[in-house]
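To start, the structure under review is shown below, and the notes come after it.
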Amino acid sequence: MGDQTLKDAILSHLKYSLGKDADHATIYDWRVALSLATRDRIVDPWFQSTRATYRAGAKRVYYLSMEFLIGRLLEDAMVNTGILDEAKAAFDGMGLPFDKIIHDEPDAALGNGGLGRLAACFLESLSTLGIPAYGYGIRYEHGLFRQRFDHGRQVEEPEDWLTQEHVWEFERPEAAFEIGFAGETFENGGRTVWRPNESVMAQAFDTPVIGWKGEWANTLRLWGALPTKVLDLGLFNRGDYAGAAEPEALARTISRVLYPDDTTDEGKALRLKQEYFFTAASLRDILRRFESEHSDLRDLPKKVAIQMNDTHPAIAGPELVRLLHDERGLPFADAMMVARGCLNYTNHTLLPEALERWSEGLMGHLLPRHMRLIEMINESHSQQYPGVTIIEHDQVKMGELSFVMASKVNGVSALHTELMKETVFKDLNGLHPERIVNQTNGVTPRRWLKTCNPGLAGVVTQAIGDGWVGDAEKLVELEPHIADSGFLERFTAAKRANKETLSNWFGTELGVKVDPSAMFDVQIKRIHEYKRQHLNILETIALWQEMRDNPNGDWTPRVVVFGGKAAPGYHFAKDIIYLINSVARVVNADPITSKLLKIVYPPNYNVTLAERLIPATDLSEQISTAGKEASGTGNMKFALNGAMTVGTLDGANVEIREHVGAENFFLFGMTAQEVWARREVEDHAGQAIAADPKLARALDSLRNGTFADGDHDRFRGIADNVSGPDYFLVASDFSDYWRASREADAAFRDPARWARMTALNTARSGWFSSDRTIRGYASEIWDALPPKPLRSI
Ligand code: 26Y
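Laid out in structure tokens, this is it:
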């Protein structure tokens, strides 16, 4: 390496790591060679970061998460190490297609949605800020399923990102722990001993995560499950080959697939095993590292801050107590104090069905010692604070367990945190009023502006320099430039160029022809009733009907884009997908409206697709029922990229609107309090439908076969739900949504006004950087500091 040019490094990897000669190398070969050359640039800062942390005796942050939705890593790594231009020049010089090479990388979808992507943004910000940190999770062989449409219906196929070598990771055969399940406990010499009767090995795979300017790198350590016993030789020799291979297959199941569900607690033993597997391995690793440097376990909270990303790692509470009390002999009360001093918990949802609960039976069987410790934790808490219980109706409530075992508990937006205090954790908040704090989510401006939108990033940098990349709040310096028509023209031209690129992609990949001068209106997120994609499609149907009635009216042409996956078992969400695709088929074929309205639903929404869609968006749809979306992070990415938002007062929308200004945000709908009151109104939906003929007509079209080849029943279920019991109040918010959408249309028809509003969105969204969020966690939750000053920040 040393002084080697990047091009030499790429050629050298091609030859010596891949054994390929440049004349016969494939796109894959070039991509791997480039990745390895890039990875080489990360290893030195990575080692230096580890050394600096060790030398300073600094506190480390451990982010425990079942999900890390990292997406592709190559381009981001080149941007952060500053070699992107050199790499591009090298490939251009060799006559090789640089874009195609970058797009060859599989998208690592080790997460479902917001929670997993947040974890990925946090790791990048932790490295940018130079805070010593590890992300701990599971190395799923199959990430989130791949989505395909069959005649408009979602079909799930296994995702196979690991069939190719994952070039970013380093396998660590020496970092492995045996993790047990089930079995029995007994007393021995005054200590409780747990003797599991089943076990697997957790083996570490490390991926370095480089921060902006390449100065600091932290580690994402993912655990893969391996058998403790590779082969049953006895069975094998007797000819039972399947039986002989069984231990290996069973063990590997634990890290085989990501749970394809972001809401419901399926109550499956395998999921509980996954949770314990990665939490236990991580805690053992954390204690091993601590004990190699320090001797007094009571100092653990001074050196270790553990963040539980939702309740999925909540077993960390009892497990840490077990490691300290049973295995190391600290008195129970001290073990509790030390564990609580290290642990913190982030809540990401108030939806009752998404709050994890495990039956005492399952917990007692798989983790008998932990079940007993949970009872002890419950007893000691309720002795001090009567009135709250962790165990109820034979179930362990993981949110309550996490709360009781944590120093700090946080929500992910100001509204969500307030609602946590008033609803799910009302009683616990009364007992521990200091414990709940807010940390509004954020997104990394490196990936979500600089890398994904180089055109707009260039315009910004030309105006204010590139200081914003490391300090996104500097984006406010754009404000004075907004009076400059030249700047606004460049800003708009960058958006227009992105829309043209996307239009071409829609044409070639999906066969849909769209007009790049139309308003690009985008809703991308998991499909869920509370997120209300069905409100969006109903409004789109109503718009289409109005346009057909009056095709020469003063319409703003729209391209309505959807993206997102439904949990495989969530039938209503799958029906919504089917409806959207069916409406798209009819509307896109209608010659009367073909210049006015198109609907596009690219399949298999993932991080990579988000990076393609967000830079080309004019209008961002953030339309959840108020009180239901904990924060949202897509909403922030859109605003940062100069899109307007049409949205409800939910999650972080509230704060986005405060930052960008009410006049630069299309607000509609009921507040959380109004939602609660509305649900009490008998026939709320019927009343709303009676008052709005457009809504009634759109619903009729779901029942008269317009989008179902004459079949009156295909979408009746959705219509009946919206007209009847609908807990998410689609009908009651429809008319106001229609009004806000038409206001957006009118604003779009005034290009100067639109340009100003969108540029103000970018200028005022810097606060939603995950760097700001991480600074908040570091000072209010972790008490963690960078051990050395970095030049970049
Ligand atoms: C219980 C299990 C199956 C489960 C798995 C994944 C439960 C929940 C989840 C994921 C939840 C999630 O992604 N929540 C989202 O977190 C984002 C980051 O804080 C928020 O912005 C978003 O509002 C919230 O829905």
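First residue of the sequence shown: 1, per full-length UniProt numbering; consecutive thereafter.
All C-beta atoms in this analysis are idealised placements derived from N, C-alpha and C, irrespective of residue type, glycine included.
Alpha-carbon to alpha-carbon, A9 and M1: As a working note, residue 1 is residue 1 in the sequence shown. As a working note, residue 9 is residue 9 in the sequence shown. With a pLDDT of 48 at M1, under the threshold of 50, the modelled position of that residue is not reliable, and no figure is offered here.
Inside the region 197-275 only - beta strand (DSSP E) runs reaching at least 3 residues: Those beta strand (DSSP E) runs which fall completely within the region 197-275 and span 3+ residues are 198-210 and 217-227.
Assigned secondary structure, N378 (DSSP; H/G/I helix, E/B strand, else coil): Residue numbering aside, residue 378 sits at position 378 when the sequence shown is read from its first letter. If DSSP states are grouped into helix, strand and coil, N378 belongs with the helices.
Beta-carbon spacing of L351, K628 below 8 Å: Here residue 351 refers to the residue found at position 351 of the sequence shown. Here residue 628 refers to the residue found at position 628 of the sequence shown. Closer than 8 Å, so yes.
Which of helix, strand or coil DSSP assigns to R139: As a working mapping, residue 139 is identified with position 139 in the sequence shown. Secondary structure at R139: coil, using DSSP grouped into helix, strand and coil.
Distance cut-off 7 Å: D240 Cβ against heavy atoms of the ligand 26Y: Looking up residue 240 in the sequence shown gives position 240. No, Cβ of D240 sits at least 7 Å from all heavy atoms of the ligand 26Y.
Short Cβ contact (8 Å threshold) for F149 with E156: Position 149 of the sequence shown holds residue 149. Position 156 of the sequence shown holds residue 156. No. Outside cutoff.
Check: S631 C-beta below 7 Å from any heavy atom of the ligand 26Y: Along the sequence shown, read from residue 1 onward, the residue named residue 631 stands at position 631. Flag set: Cβ of S631 near the ligand 26Y.
Distance between G130 and A58 (C-alpha atoms, nearest Å): Indexing the sequence shown from 1 puts residue 58 at position 58. Indexing the sequence shown from 1 puts residue 130 at position 130. The alpha-carbon atoms of A58 and G130 are separated by roughly 11 Å.
Buried or exposed by the 16-neighbour rule on C-beta atoms within 10 Å, applied to G267: Here residue 267 corresponds to residue number 267 of the sequence shown, with the count starting at 1. Residue confidence for G267 is low, a pLDDT of 47 falling below 50, so the modelled location carries little weight; the figure read from the coordinates is stated next. Per the 10 Å Cβ criterion, exposed.
Touching by the beta-carbon criterion (3+ pairs, under 8 Å), the region 90-108 and the region 57-76: With the cut-off at 8 Å, the region 90-108 and the region 57-76 touch.
Beta-carbon proximity of I524 to I718, cut-off 8 Å: Translated into the one-based positions of the sequence shown, residue 524 becomes position 524. Translated into the one-based positions of the sequence shown, residue 718 becomes position 718. No; because the gap between Cβ atoms is not below 8 Å, this pair is not in contact.
Length of the line joining the Cα atoms of R697 and F734: Locating residue 697 in the sequence shown gives position 697, counting from the first residue. Locating residue 734 in the sequence shown gives position 734, counting from the first residue. Roughly 13 Å separates the two Cα atoms.
Alpha carbon of T417 to alpha carbon of N410, nearest angstrom: Within the sequence shown, residue 417 is the residue found at index 417, counting from 1. Within the sequence shown, residue 410 is the residue found at index 410, counting from 1. Here the C-alpha atom of T417 lies approximately 7 Å from the C-alpha atom of N410.
Backbone secondary structure at S732 - three-state DSSP: The count along the sequence shown starts at 1 and reaches residue 732 at position 732. In the three-state DSSP reduction, S732 falls in the helix class (H, G or I).
Check: H348 C-beta below 7 Å from any heavy atom of the ligand 26Y: Locating residue 348 in the sequence shown gives position 348, counting from the first residue. Inclusion of H348 in the 7 Å shell around the ligand 26Y follows from its C-beta lying nearer than that to a non-hydrogen atom of the ligand.
Contact check, H481 vs A463, beta carbons under 8 Å: Locating residue 481 in the sequence shown gives position 481, where the first residue counts as 1. Locating residue 463 in the sequence shown gives position 463, where the first residue counts as 1. Yes; because the gap between Cβ atoms is below 8 Å, this pair is in contact.
Under the three-state DSSP convention, the category D618 falls into: For the purposes of this step, residue 618 is taken as residue 618 along the sequence shown, with counting starting at 1. When DSSP states are grouped into helix, strand and coil, D618 belongs to the coil group.
The region 568-583 / the region 758-776 touching (three or more Cβ pairs under 8 Å): Verdict: no, contact absent.
Through-space distance from T26 to residue 837, alpha-carbon basis: Absent from the structure is residue 837, since the part of the chain shown begins at 1 and ends at 793.
Distance CB(T617)-CB(V522) smaller than 8 Å: Within the sequence shown, numbered from 1, the residue matching residue 617 stands at position 617. Within the sequence shown, numbered from 1, the residue matching residue 522 stands at position 522. In this structure, the beta-carbon distance from T617 to V522 falls below 8 Å.
Stretch pair the region 698-711 + the region 651-667: three plus CB contacts closer than 8 Å: Between the region 698-711 and the region 651-667, the count of Cβ pairs shorter than 8 Å is below three; the stretches do not touch.
Closer than 7 Å: K408 CB and nearest the ligand GDP heavy atom: The model depicted lacks the ligand GDP and carries the ligand 26Y instead.
Residue range of the unbroken alpha helix (DSSP H) whose run includes Y777: Within the sequence shown, residue 777 is the residue found at index 777, counting from 1. Start and end: S770 to Y777.
Inter-residue Cα distance where the pair is H365 and G214: Locating residue 365 in the sequence shown gives position 365, where the first residue counts as 1. Locating residue 214 in the sequence shown gives position 214, where the first residue counts as 1. Looking at the backbone, the Cα of H365 and that of G214 are separated by about 47 Å.
Backbone CA spacing between P568 and E159 [nearest angstrom]: Within the sequence shown, numbered from 1, the residue matching residue 568 stands at position 568. Within the sequence shown, numbered from 1, the residue matching residue 159 stands at position 159. Taking the CA atoms as reference points, P568 sits about 14 Å from E159.
A696 beta carbon near the ligand 26Y (any heavy atom closer than 7 Å): Position 696 of the sequence shown holds residue 696. Proximity of the beta carbon of A696 to the ligand 26Y is not indicated: no heavy atom of the ligand is located closer than 7 Å.
Cβ pair F205, R252 closer than 8 Å: Position 205 of the sequence shown, counted from the first residue, corresponds to residue 205. Position 252 of the sequence shown, counted from the first residue, corresponds to residue 252. Not in contact: F205 and R252 (Cβ atoms no closer than 8 Å).
Among W544, P725, A672 and I315, nearest to D683 - alpha-carbon criterion: Counted from its first residue, the sequence shown places residue 683 at position 683. With distances taken between Cα atoms, D683 lies closest to P725.
Residues near P45 in its chain [Cβ-Cβ closer than 8 Å; skip 5 each side]: For this step, residue 45 is matched to residue 45 along the sequence shown. Cβ neighbours of P45 beyond the five flanking positions: I210, G214, E215, W216 and A217.
Neighbour-count burial assignment, residue 798, 16 or more Cβ in a 10 Å radius: Because residue 798 is not part of the residues shown, which for the chain are 1 to 793, the question remains open.
7 Å CB neighbourhood of T192 in its chain, flanking five on each side removed: Along the sequence shown, read from residue 1 onward, the residue named residue 192 stands at position 192. Listed in chain order, the non-local C-beta contacts of T192 below 7 Å within the same chain comprise T185, D326 and R369, local neighbours out to five positions each way being set aside.
Minimum C-alpha distance to V675 - residue among N641, V722, V730 and K694: Position 675 of the sequence shown holds residue 675. For the residues N641, V722, V730 and K694, the minimum Cα distance to V675 belongs to V730.
Contacts around A784, its chain only, beta-carbon distance under 7 Å, and the 5 residues preceding and following it disregarded: Position 784 of the sequence shown, counting from 1, holds the residue named residue 784. Within its own chain, the residues whose Cβ lies closer than 7 Å to the Cβ of A784, once the five positions on either side in sequence are excluded, are K59, V61, I131, A305 and A778, listed in chain order.
D92 Cβ short of 7 Å to the ligand 26Y heavy atom set: Residue mapping note: residue 92 aligns to position 92 of the sequence shown, counting from 1. False, no ligand heavy atom lies under 7 Å from that Cβ.
Closer than 8 Å to chain D by CB, I390: Absent here is chain D; the protein component of the structure consists of one chain.
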